[in-house]
Amino acid sequence: MAKSRPVFICQNCGAVASRWQGRCESCGDWNTIVEESDPGPTAIRTTRGRPFELEGLAGSDKPAARIVTGIDEFDRVTGGGFVAGSVLLLGGEPGIGKSTLLIQACAALARRGARVIYISGEEAVAQVRLRAARLSLADAPVELASATQVEDILATCANGERAALIVIDSIQTMHTEIAPAAPGTVTQVRASAQALLRYAKTSGSTIILVGHVTKDGQVAGPRVVEHMVDAVLSFEGDAAHHFRMLRASKNRFGATGEIGVFEMTGLGLAEVANPSAIFLAGRDASAPGAAVFAGMEGQRPMLIEIQALVAPTSLGTPRRAVVGFDQNRLSMILAVLEAHGGLKLGMHDVYLNVAGGMRADEPAGDLAAAAALVSSLTGAVLPADQAFFGEIGLSGAVRPVIHAGMRLREAQKLGFHQAVLAQGQQIGADERRAGLALRPCADVAQLVATIAQSAPRAKGGG
Ligand code: TYD
Ligand code: MG
Numbered sequence: 001m002a003k004s005r006p007v008f009i010c011q012n013c014g015a016v017a018s019r020w021q022g023r024c025e026s027c028g029d030w031n032t033i034v035e036e037s038d039p040g041p042t043a044i045r046t047t048r049g050r051p052f053e054l055e056g057l058a059g060s061d062k063p064a065a066r067i068v069t070g071i072d073e074f075d076r077v078t079g080g081g082f083v084a085g086s087v088l089l090l091g092g093e094p095g096i097g098k099s100t101l102l103i104q105a106c107a108a109l110a111r112r113g114a115r116v117i118y119i120s121g122e123e124a125v126a127q128v129r130l131r132a133a134r135l136s137l138a139d140a141p142v143e144l145a146s147a148t149q150v151e152d153i154l155a156t157c158a159n160g161e162r163a164a165l166i167v168i169d170s171i172q173t174m175h176t177e178i179a180p181a182a183p184g185t186v187t188q189v190r191a192s193a194q195a196l197l198r199y200a201k202t203s204g205s206t207i208i209l210v211g212h213v214t215k216d217g218q219v220a221g222p223r224v225v226e227h228m229v230d231a232v233l234s235f236e237g238d239a240a241h242h243f244r245m246l247r248a249s250k251n252r253f254g255a256t257g258e259i260g261v262f263e264m265t266g267l268g269l270a271e272v273a274n275p276s277a278i279f280l281a282g283r284d285a286s287a288p289g290a291a292v293f294a295g296m297e298g299q300r301p302m303l304i305e306i307q308a309l310v311a312p313t314s315l316g317t318p319r320r321a322v323v324g325f326d327q328n329r330l331s332m333i334l335a336v337l338e339a340h341g342g343l344k345l346g347m348h349d350v351y352l353n354v355a356g357g358m359r360a361d362e363p364a365g366d367l368a369a370a371a372a373l374v375s376s377l378t379g380a381v382l383p384a385d386q387a388f389f390g391e392i393g394l395s396g397a398v399r400p401v402i403h404a405g406m407r408l409r410e411a412q413k414l415g416f417h418q419a420v421l422a423q424g425q426q427i428g429a430d431e432r433r434a435g436l437a438l439r440p441c442a443d444v445a446q447l448v449a450t451i452a453q454s455a456p457r458a459k460g461g462g
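Position 271 of the sequence shown, counted from 1, bears residue number 271 in the UniProt record's numbering, the numbering being contiguous throughout.
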C-alpha cells in the first residue's frame, strides 16, 4: 500500500495546500492550515457510464410536504416548516442557545406525534435530560442519545419507523470511518456531513446539523458544510441582551431574509410575536438623540430605535463608533450632513447605537440615523409618535424605499401618528387610510431645519 502523503488543509475554508503556510491563500485567514493525512485518490470510478433520461422543467410533482414544528418564529424562517429529506445547518456562537432552541423544536414536533431523534455529540444524555426537565419538556417522546460515530448513528436511525427529524448537535463532534483524518478536522466534518446528507436524501428524514462558529476559525468551520446543505440558519444575539434572532442566509425551499425573534428566559426560548413592541419598550422618548426607524426584516416590518450621541471631542481625532449599524453608512451620513445640511461635526465624537441588540442594515435606516444625529447635536427632542424611513443619497436627497405600506401599517399598529419619509415616496390609497400624518422630506437640509426649529436656545450646532 502506498504511504499516504501529508496534506495541509485550511480549517476555515477547506482549501488544500501542498505545504504548511501561516496564512491560507484562499480565504486569507491566519493559522488555519493543519496537517491531515491524505485520504488518497477519491473513489471516482471511471467505468463506462450508463445514460439516463433527461426531463423538462414542467412536471407533475406535488409541492414538497412541510413538517411544521408549531413554533411559529422557527417555522417562518424555514419557509413554513422543514421539507422532508432536507438538511439544514444551524450556526451560531457557542452558548447562544442552539441546543436549547433545537430541544424545544424537537419536543414540539414529537408532541405532535412525529418520530424525532436528538443526537448530542457534546453533552451526556443526563445533561440533555436536565435541560429538558428545566424547560418542562421531559414528557415529550423525543428519542435521545449521546453519540459521535456517524455510521452508528445512521444505523440507529434506520432502525424502526422513519424519523421526521434528526438533530445532530454538533457536526464538529462527528466522525466517520470513511475519512482517515482526526475528529474535528475539516475532512472529518465534510465526510460526516456528506454521509448524513446522503441518508437524508434516501430516507426522507430531515436532518439539522448544529455548527459552532468561532471568530478565530480555530475549530473546523462549518463553512465547508454550507455549500452542501439545503438551508443555512444562523442564530444570533449578543450576551448582553436576551433577544435572539434566527435568520436564514440560504434556503433552497424558502425566502431568505425572514427572521424569527426569541427571548432567552429562565424557562428557555420564548417566542416574540410582536418584536417592535418589545424593542420599543423602555424607550425614553423625552431625551434628544433617539429616532424610531420603521425597518423591514425580510417580509416583516419592525420598528427599531436608533440612538445617537454627538458630543464635543476632547481628542485630536474625533471618535466615530457604531453598534448595530454600518460604519461606512455612518461616515457617509455624517459627510452628507456636513456638506448639505450645514452641520459642523469635525470637532464632535459621534456614537450610533441600535437599541435592543438589533441591526439596522437597510439603507432605509439612513433617515432615522440622520434624524437621531441632528437631534443629539441640536438638543431637539423628536416627537415620540414619529417614525422615519428613507435612504439618503450623496447629494443630500432623501430617496424612496420599498415596502412603504408595510412600514406605515406597523407604525400605526404601534401607536405612531406621524411618518417622515422621502418626498417622492409613492403611497397607495390603502396606506393613506392607515391614518398616519405623512411628513415628506426632500433632503437633509429640510430635515435639519425642521428638527432645529424645536431645539432649545443656545445649543444650536449647525
Ligand atoms: P445552549 O442552548 O446550551 O447554547 P449552545 O447550544 O448554542 O451552545 O444555551 C446556553 C445558554 O443559554 C446558557 O448560557 C444558559 C442559557 N439558558 C437560559 O438562559 N435559560 C434556559 O432555560 C436554558 C436552557 C439556557
Ligand atoms: Mg449546544
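In this text, a Cβ means the ideal position worked out from N, Cα and C, and glycines have one as well.
Item to complete: Kindly list the residues whose CB is nearer than 6 Å to the CB of residue 154, restricted to its own chain and excluding five residues on each side of it in sequence; keep chain order.
Response: 199
Worksheet item: With which residues is residue 265 paired in a DSSP beta bridge?
Response: 268
Item to complete: Use the C-beta contact count for residue 62: other C-beta atoms within 10 angstroms, 16 or more gives buried, fewer gives exposed.
Response: exposed
Worksheet item: Straight-line CA distance for residue 178 to residue 197?
Response: 14 Å
Worksheet item: Using a beta-carbon distance below 9 Å, is residue 149 in contact with chain D?
Response: In the structure shown, chain D cannot be found, because there is only a single protein chain.
Discussion item. Below 8 Å, how does it come out for the stretch 277–294 and the stretch 73–91: are there three or more Cβ pairs, yes or no?
Written reply: no
Worksheet item: Cβ atoms of residue 125 and residue 144: under 9 Å apart, would you say?
Response: yes
Item to complete: Count the other CB atoms, across all protein chains shown, that sit within 10 Å of the CB of residue 307; report buried if there are 16 or more and exposed otherwise.
Response: buried
Item to complete: Confirm the yes/no value for this check: CB of residue 101, any heavy atom of the ligand TYD, distance under 8 Å.
Response: yes
Discussion item. Looking at the ligand TYD, does it come within less than 8 Å of residue 373, judged from the CB to the closest heavy atom?
Written reply: no
Discussion item. So, at 7 Å on beta carbons, what are the nonlocal neighbours of residue 277 in its own chain, with the 5 sequence-adjacent residues on each side left out?
Written reply: 414
Discussion item. I'd like to confirm the pairing. Which residues does DSSP put opposite residue 351 in its beta bridges?
Written reply: 309 and 321
Worksheet item: First and last residue of the alpha helix (DSSP H) that includes residue 275?
Response: 275–280
Worksheet item: Going straight from the alpha carbon of residue 351 to that of residue 19, what length do you get?
Response: 46 Å
Discussion item. Cutting at 8 Å between CB atoms, please list the residues of its own chain near residue 489, excluding the five before and the five after it.
Written reply: This structure cannot settle anything about residue 489, because the visible part of the chain is limited to 1 through 462.
Worksheet item: Does at least one heavy atom of the ligand TYD sit under 8 Å from the Cβ of residue 265?
Response: yes
Fill in: Alpha-carbon to alpha-carbon, residue 251 and residue 230
6 Å
Fill in: In DSSP terms, what residue 155 is bridged to
Residue 155 pairs with nothing; no bridge assigned.
Worksheet item: Excluding five sequence neighbours on each side, which residues of the same chain lie with their C-beta closer than 7 Å to the C-beta of residue 43?
Response: Below a pLDDT of 50, predicted positions are generally treated as unreliable, and residue 43, at 46, falls in that range; the measurement from the model is reported next regardless. Taken in chain order, the list of residues that qualify is empty.
Fill in: Distance cut-off 8 Å: residue 235 Cβ against heavy atoms of the ligand TYD
yes
Discussion item. Only counting the same chain, and skipping five residues up and downstream in sequence, which positions put a Cβ closer than 8 Å to that of residue 96?
Written reply: 235, 236, 237 and 244
Fill in: Close-in-space but distant-in-sequence residues of the same chain around residue 218 (CB under 6 Å, 5 per side omitted)
Reliability fails at residue 218, whose pLDDT of 46 lies under 50, so the model's placement of it is uncertain and the value that follows must be treated cautiously. Correct list: empty, nothing qualifies.
Item to complete: With residue 25 as the anchor, note down where its beta strand (DSSP E) starts and where it stops.
Response: Neither: residue 25 is in no beta strand (DSSP E) and is coded neither H nor E.
Discussion item. Quick check: residue 426 and residue 404, are their CB atoms within less than 9 Å of each other?
Written reply: yes
Worksheet entry | Same chain, Cβ closer than 7 Å to residue 22, neighbours up to 5 away in sequence not counted | 30 and 31
Practice prompt. Give the single residue among 416, 28, 93 and 17 whose Cα lies nearest to the Cα of residue 293.
Written response: 416
Worksheet item: Would you say the beta carbon of residue 62 comes nearer than 8 Å to a heavy atom of the ligand TYD?
Response: no
Worksheet item: Whose C-alpha, out of 169, 27 and 112, is nearest the C-alpha of residue 94?
Response: 169
Discussion item. Taking the beta carbon of residue 158 as the centre, do at least 16 other beta carbons fall within 10 Å, making it buried, or is it exposed?
Written reply: exposed
Worksheet item: Taking all protein chains shown into account, do 16 or more other C-beta atoms lie within 10 angstroms of the C-beta of residue 25, making it buried, or fewer, making it exposed?
Response: exposed
Worksheet item: Mind checking whether residue 69 and residue 105 have CB atoms under 9 Å apart?
Response: yes
Worksheet item: Taking 8 Å as the cut-off, is the CB of residue 125 close to at least one heavy atom of the ligand MG?
Response: no
Worksheet item: If you run the structure through DSSP and keep just helix, strand and coil, what is residue 87?
Response: strand
Fill in: Opposing strand residues paired with residue 329 [DSSP bridges]
Looking at the DSSP assignment, residue 329 forms no beta bridge with any residue, so it has no partner.
Worksheet item: Do the stretch 376–383 and the stretch 352–364 make contact, defined as three or more Cβ pairs closer than 8 Å?
Response: no
Worksheet item: Does DSSP classify residue 206 as helix, strand or coil?
Response: strand
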